[in-house]
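The sequence shown lines up with residues -4 to 299 when you count with our numbering. We put the beta carbon where it would ideally sit given N, CA and C, even for glycine. Before any comments, here is the structure.
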Amino acid sequence: MNKKLSAIFALTIILAFMGYIIYDATSGSDREPVSETSRDTTYTDNWKITRTISVDEGRLSSVAVSDNGMICLAGDTFIKAIDPGYKELWNTGTEQEITALAVSGDTIFASTQETILVVSKNGKILNEWGPYEGNAIITSLSANHGMLAVADAGSKRIFLLGRDGDVISMIGQSGDHFIIPSPYFDLDWSDNNLVVANPGRRRIETWSPDGKMIYAFGEPGTAPGAFCGCCNPSHIVIVPNGIVTAEKGINRIKILNREGSFVEFVSSRNSFDKSVPLDLATDNGTRIYAADKTDSKLYIFERK
-4 MNKKLSAIFA LTIILAFMGY IIYDATSGSD REPVSETSRD TTYTDNWKIT
46 RTISVDEGRL SSVAVSDNGM ICLAGDTFIK AIDPGYKELW NTGTEQEITA
96 LAVSGDTIFA STQETILVVS KNGKILNEWG PYEGNAIITS LSANHGMLAV
146 ADAGSKRIFL LGRDGDVISM IGQSGDHFII PSPYFDLDWS DNNLVVANPG
196 RRRIETWSPD GKMIYAFGEP GTAPGAFCGC CNPSHIVIVP NGIVTAEKGI
246 NRIKILNREG SFVEFVSSRN SFDKSVPLDL ATDNGTRIYA ADKTDSKLYI
296 FERK
């Protein structure tokens, strides 16, 4: 009897083991692959800071670069320009804080919270447009050859202005398009369409000027290609191989391709204040300029 029980027990063990082997072999294809963003994966920054420029006129908030390499900086009641060799060209005082900058040809556009200053290439204020909304919080400007795009975090809309300052059209005026939990709402022209950060949705969207969303990508998370926290990306700028983004809460600068896949880090291991993202600009992708409001310095990144 004991021999029979022992044989049955042994057979049970063998069958159970064989069953496990068969299950393991057949179920392997259904398992989720190991994520490229696992804890064992390490990423390096492919860019480095090659120059730091201190701004003494007040707290720095914005940076933009012209086609000929002129760098415009602005912040607490000032707008200034420096040449490609980092020599100051001019410095103009303003009555209000400047929140965003854009350059198109010989014209510089600088926004206050509610209005837009039109500035000559020599720093002379030529005109002031707006306000366009009573509760406006203008956070970003981008100019192409025909229009100026204005991102308003207050009304959660984008205004498209002609070169006379009149409103041509708006994006976001109907429906719940843009979720803006904090005053970070950035955009940039790409060819004839607008690339827009929709931070509350943790994604980047491409819109036509007539208000049609063409494409969107992005997901929440701390993975290199994702956007962390409640509301990211905070700042974006277009480069030839994709989109540069800056985040707050984790304060990293990275490049994604036009489909949203992670390309590389510009800066992920840094000592920047995590709660204050850096405003971004570029000279066609050769250099990336990052304006840090916390220390009023412009950081210039180039490839290693």
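Own chain partners of residue i with C-beta closer than 7 Å, once the 5 adjacent residues on each side are dropped
| i | result |
| --- | --- |
| I209 | N188, T201, W202, S203 |
| C226 | P176, S177, Y179, P194, G195 |
| A69 | S56, S57, I93, L96, A105 |
| S137 | A97, A144, L182, D183, W184 |
| G167 | K151, R152, I153, F173 |
| R197 | G213, E214, P215, F222, N227 |
Whole-angstrom distance between residue j and residue i, CA atom to CA atom
| i | j | result |
| --- | --- | --- |
| K82 | K75 | 11 Å |
| N265 | G237 | 22 Å |
| E297 | I48 | 15 Å |
| N130 | S150 | 7 Å |
| S115 | R282 | 24 Å |
| S57 | S99 | 16 Å |
| T94 | M65 | 19 Å |
| A97 | V258 | 26 Å |
| G118 | Q91 | 16 Å |
| V145 | L84 | 26 Å |
| G160 | E109 | 13 Å |
| I111 | N63 | 23 Å |
| D205 | L293 | 35 Å |
| D71 | D274 | 15 Å |
| F267 | G125 | 34 Å |
| Y284 | D181 | 16 Å |
| V113 | I44 | 32 Å |
| N279 | I233 | 8 Å |
| V239 | R253 | 10 Å |
| A211 | A286 | 27 Å |
| S135 | A148 | 9 Å |
| A59 | N139 | 13 Å |
| T39 | D101 | 38 Å |
| P215 | V190 | 19 Å |
| S355 | L143 | What is shown of the chain runs -4 to 299, which leaves residue 355 out entirely. |
| R152 | K207 | 14 Å |
| E123 | I77 | 23 Å |
Proximity of residue i and residue j at Cβ, strictly below 8 Å
| i | j | result |
| --- | --- | --- |
| C67 | I120 | no |
| I133 | D183 | no |
| K288 | V261 | no |
| S229 | E242 | yes |
| V50 | S263 | no |
| M165 | F173 | no |
Status (buried if at least 16 other CB within 10 Å, exposed otherwise) for residue i
| i | result |
| --- | --- |
| P235 | exposed |
| I199 | buried |
| G141 | exposed |
| G157 | exposed |
| T107 | buried |
| T277 | buried |
| D186 | exposed |
| M(-4) | Legend: pLDDT at M(-4) = 44, less than 50; position of this residue unreliable, value from coordinates given subsequently. Its Cβ having fewer than 16 others within 10 Å, M(-4) is exposed. |
| T37 | exposed |
| G213 | buried |
| G80 | exposed |
Own chain partners of residue i with C-beta closer than 6 Å, once the 5 adjacent residues on each side are dropped
| i | result |
| --- | --- |
| R46 | I295 |
| G224 | G244 |
| A2 | Low confidence applies to A2: its pLDDT is 46, below 50, so where it sits in the model is not reliable enough to give any reading. |
Cβ-based neighbour list, residue i, same chain, cut-off 8 Å, excluding 5 preceding and 5 following
| i | result |
| --- | --- |
| K269 | K243, G244, I245, N246 |
| V162 | Y127, F154, L155, L156 |
| N41 | E259, F260, V261, R298, K299 |
| F308 | The shown model of the chain, from -4 to 299, leaves out residue 308, and the question about it has no answer. |
Evaluate contact between the stretch 214 to 230 and the stretch 245 to 263, counting only Cβ atoms and requiring at least three cross-stretch pairs below 8 Å. yes
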